[in-house]
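Enquirer:
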Amino acid sequence: MQLYCESLTEYKRLATREVRIGDLLLGNFHPIRVQTMTTTDTMDTIATVEQSIRCIEAGAELVRITAPSKKEAENLLAIKNELHRRGYKTPLVADIHFTPNAAEIAARIVEKVRVNPGNYVDKKKFEQIDYTDAEYAEEIDRIRERFTPLVKICKEYGTAMRIGTNHGSLSDRIMSRYGDTPMGMVESAMEFLRIARNESYHNIILSMKASNPQVMVQAYRLLVSVMTDEFGECYPLHLGVTEAGDGEDGRIKSAIGIGSLLEDGLGDTIRVSLTEDPEFEIPVCKDLVKRYIDVSTAAQHQSAAGNGQPAIPEVNKLPYSPFEYVRRNTQTVSNIGSKQVPVVIADFMKADTITHNDLQAVGYTYDTVTDKFTISDAAADYLYTGKKLLDFALPGTLKVICDHSTWLKATDKEKYYPLFQSTEYLKSTDHSGILNFISLDVNTAASQELLQAARRDRSFVLVLWSSHVHAMPSVRRYIIELMNQGINCPVILAVESHDTTIDEQLIHFSTESGALLLDGMGDGIWLMNDPEKIQNQKVSGRTYLETKSNHQFINNTSFSILQATRTRISKTEYISCPSCGRTLFDLQETTAKIRSVTHHLKGVKIAIMGCIVNGPGEMADADFGYVGSGPGKITLYKGKEIVKRNVDSAIAVEELINLLKENNAWVDPLVPLRTAIN
Ligand code: SF4
384 MQLYCESLTE YKRLATREVR IGDLLLGNFH PIRVQTMTTT DTMDTIATVE
434 QSIRCIEAGA ELVRITAPSK KEAENLLAIK NELHRRGYKT PLVADIHFTP
484 NAAEIAARIV EKVRVNPGNY VDKKKFEQID YTDAEYAEEI DRIRERFTPL
534 VKICKEYGTA MRIGTNHGSL SDRIMSRYGD TPMGMVESAM EFLRIARNES
584 YHNIILSMKA SNPQVMVQAY RLLVSVMTDE FGECYPLHLG VTEAGDGEDG
634 RIKSAIGIGS LLEDGLGDTI RVSLTEDPEF EIPVCKDLVK RYIDVSTAAQ
684 HQSAAGNGQP AIPEVNKLPY SPFEYVRRNT QTVSNIGSKQ VPVVIADFMK
734 ADTITHNDLQ AVGYTYDTVT DKFTISDAAA DYLYTGKKLL DFALPGTLKV
784 ICDHSTWLKA TDKEKYYPLF QSTEYLKSTD HSGILNFISL DVNTAASQEL
834 LQAARRDRSF VLVLWSSHVH AMPSVRRYII ELMNQGINCP VILAVESHDT
884 TIDEQLIHFS TESGALLLDG MGDGIWLMND PEKIQNQKVS GRTYLETKSN
934 HQFINNTSFS ILQATRTRIS KTEYISCPSC GRTLFDLQET TAKIRSVTHH
984 LKGVKIAIMG CIVNGPGEMA DADFGYVGSG PGKITLYKGK EIVKRNVDSA
1034 IAVEELINLL KENNAWVDPL VPLRTAIN
């Protein structure tokens, strides 16, 4: 099966089995449910109840609570009773790792249990063992023996189950046969699913989480394909990106992973994992889901009014694999296309004037004394100035795009390049000999003449956007057409947001450009918004655009999207668990502290995990790990190897820096270290 969803061009939910979780129905076209997980100690009944209530009041339709051992599993009864006493009947989910005994207790109390097939029966030893077919089959028998009792309890009590695979905690058996791959993730869940089906138990939801949105998206697609091929039906999907982090990066990473799948109608419930209090995850979930209610409603209204937009032509065969990342083959046009990292275009069209100092927001800091610019790793590659020409010399790596009529007046044709509307380009004979940008709304029929020009002109770069209500699939459809016709001009993804909150804008940008970048489409990114819509919003008590300018917000968002899709690495990457009842230190504070001293380490991946039980397994491909290993104790990892055990937390950040230095992963920051740590 090459297609993994009902349609690549029309918004259609994937048909899935209906699952009952207490009184809540999920799957089978029921609304996409939003959920979160508590971070309190499960033995602290009142704290857990009160946090659960905050989540429910925020809109959580399911609340997950960790049950690391039998005693926490038993305490779920006290939590449930207290919630009921206070009038809250929202279904609870017990989160289980390693402890079948706890799962069997919890399944008799709460409405749903979550098991991780990577560690439900297997104890991970990080050993590379070759399994013969007979040994592999024996392991499956062992799983069946240990897992079947839980299935029977769930059946008897009407309890639902999530078989939740995590990329970072695959069993040695799966790793030995499939490696650390999306197929390994799928097979890990399928082994458990087959056992449950043999018991005629179907109240099941599946998840394929990873901290890398690329791996996560491929794994969910593959899971749908494998379930359809093997069973002829699909179980509901719980979508999530693990250890996404906090703030804007966490939202961007989640929106790329979850949003890319929702765009194609996949997903019956979602959780956005942020290193923030869990109730703050719910509005982000709601913003993500709302987009698809809007898409369906807008399409229905348009068709009822008889003014529907042109249908996006269907796709029956893809010219690329949706299960692996391969960048679309494009030709090189200046610093755009081919194997070069996607470029970032900063939109200054609405600026009345542009000075040296304005460039600081997009990565160029000007020093008046030396008359020089310092260029950051996240410096934009192009400025779009509309009808303006600049009256100062540009930093070396920065070029300008301006409207064609303005470009005609520019004297420096090595630095200034024209933007044409598509018809304007076809009519004009004044083209740049180096680089021409052609803007095209893919929702209007593109002429064959333009496609011929794209094929012929080696300086041709398309700037694609869509006025279609379901914009991403319409841009994707156009790029598929370019691929089918063998047209290799580079493509810039232009996305404009009219959303009225910062979170909505982040989700809009991330979903619409991120979904394409994950499929190898896009040689650049050009984000636009309306700053007036967000200028009065308060974040941490301050007006948002007091803390950063809109240009800085857009520039950061562009680089964060490229980083999260792993198409252009410009900064340190943090893999930070969302925390739960097992967490051994203040994750939010520690994550902020580590970020403040390591944010300049371009390309280094640092995991910050709350506990040593699951942390090491969930760190995925982090280069270094900072993991809680006891009260006030931190264990430091290099890859999956422990290098410093039980370090006092008071000096653990400094020890982490020493570890980075020992491994040549450190460069001195511009701000003195002592100041930053304090
Ligand atoms: S790694 Fe973090 S979220 Fe996962 S179990 Fe440990 S503390 Fe909880």
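Basically our numbering = 1-based index in the sequence shown + 383. Glycine residues also receive a C-beta, built at the ideal position from the N, C-alpha and C atoms.
#1: What are the complete beta strand (DSSP E) segments, minimum 3 residues, inside the stretch 585-668?
#2: Return the CA-CA distance between ILE977 and LEU1042, expressed in angstroms with no decimal places.
#3: Consider the C-beta atom of ASN380 and the heavy atoms of the ligand SF4; say whether any pair is separated by less than 7 Å.
#4: Let me know the secondary structure DSSP gives TRP790 once reduced to three states.
#5: I need the straight-line Cα distance from GLY630 to LEU645, nearest angstrom please.
#6: Please classify TYR471: does DSSP put it in a helix, a strand, or coil?
#7: Run the CB neighbour count on ILE784, radius 10 Å, all protein chains shown included, and call it buried at 16 or more, exposed below.
#8: Closest by CA to ASN595, which one among VAL1050, ILE1025, GLN946 and GLU1038?
#9: Helix, strand or coil for GLU465, going by three-state DSSP, please let me know.
#10: What are the uninterrupted segments assigned as alpha helix (DSSP H) that are 4 or more residues long and contained completely in the stretch 725-799, given in chain order?
#11: Can you name the start and end residues of the alpha helix (DSSP H) that ARG978 belongs to?
#12: With 16 as the cutoff for other CB atoms within 10 Å, does SER962 come out buried or exposed?
#13: Do THR1018 and ILE995 count as a contact pair if the criterion is CB distance below 8 Å?
#14: Counting only runs of 3+ residues fully inside the stretch 827-865, write out the beta strand (DSSP E) ranges in chain order.
#15: At the level of alpha carbons, what is the spacing between LEU865 and TYR708?
#16: Just verifying my parser: in three-state terms, what is the DSSP assignment at LEU327?
#17: Between which two residues does the beta strand (DSSP E) holding TYR540 run?
#18: Note down, in chain order, each residue of its chain lying with its Cβ closer than 6 Å to the Cβ of GLU662, except the 5 sequence neighbours on either side.
#19: Applying the 10 Å Cβ sphere with the 16-neighbour rule, what's the burial state of LYS636?
#20: Quick one, what's near the ligand SF4 if you take every residue whose CB is closer than 5 Å to any heavy atom, in chain order?
#21: Using the Cβ count rule (16 or more neighbours within 10 Å means buried), how would you classify PRO394?
#22: I need the straight-line Cα distance from LYS454 to ASP1004, nearest angstrom please.
#23: For THR548, which residues does DSSP report across the bridge?
#24: Which residues in the same chain have their Cβ closer than 6 Å to the Cβ of ASN997, if we skip the five residues on either side of it in sequence?
#25: Note down, in chain order, each residue of its chain lying with its Cβ closer than 6 Å to the Cβ of GLU664, except the 5 sequence neighbours on either side.
#26: Considering Cα atoms alone, identify which of THR789, ASP660 and TRP909 is closest to TYR800.
#27: Smallest Cα separation from VAL726: which of ALA734, LYS733, MET732 and SER717?
#28: Could you check the C-alpha separation between THR399 and ASN411 for me, to the nearest Å?
#29: Compute the distance between the beta-carbons of LYS535 and ILE492, then report whether it is under 8 Å.
Expert: This is what the structure gives:
#1: 587-592
#2: 13 Å
#3: Residue 380 lies beyond the range of the chain shown here (384 to 1061); nothing can be said about it.
#4: helix
#5: 22 Å
#6: coil
#7: buried
#8: GLN946
#9: helix
#10: 787-790
#11: 970-981
#12: buried
#13: yes
#14: 843-848
#15: 18 Å
#16: In the structure as shown, the chain starts at 384 and stops at 1061, and residue 327 therefore has no counterpart that could be examined.
#17: From DSSP, TYR540 is part of no beta strand (DSSP E) but of the alpha helix (DSSP H) over 516-540.
#18: ARG437, CYS438 and ALA441
#19: buried
#20: CYS960, CYS963, ARG965, THR966, MET992, GLY993, CYS994, ASN997 and GLY998
#21: At residue 394 the sequence reads Tyr, which differs from the Pro that was named. Buried: at least 16 other Cβ atoms inside 10 Å.
#22: 33 Å
#23: MET591
#24: HIS480
#25: THR419, VAL655 and LEU657
#26: THR789
#27: SER717
#28: 5 Å
#29: no
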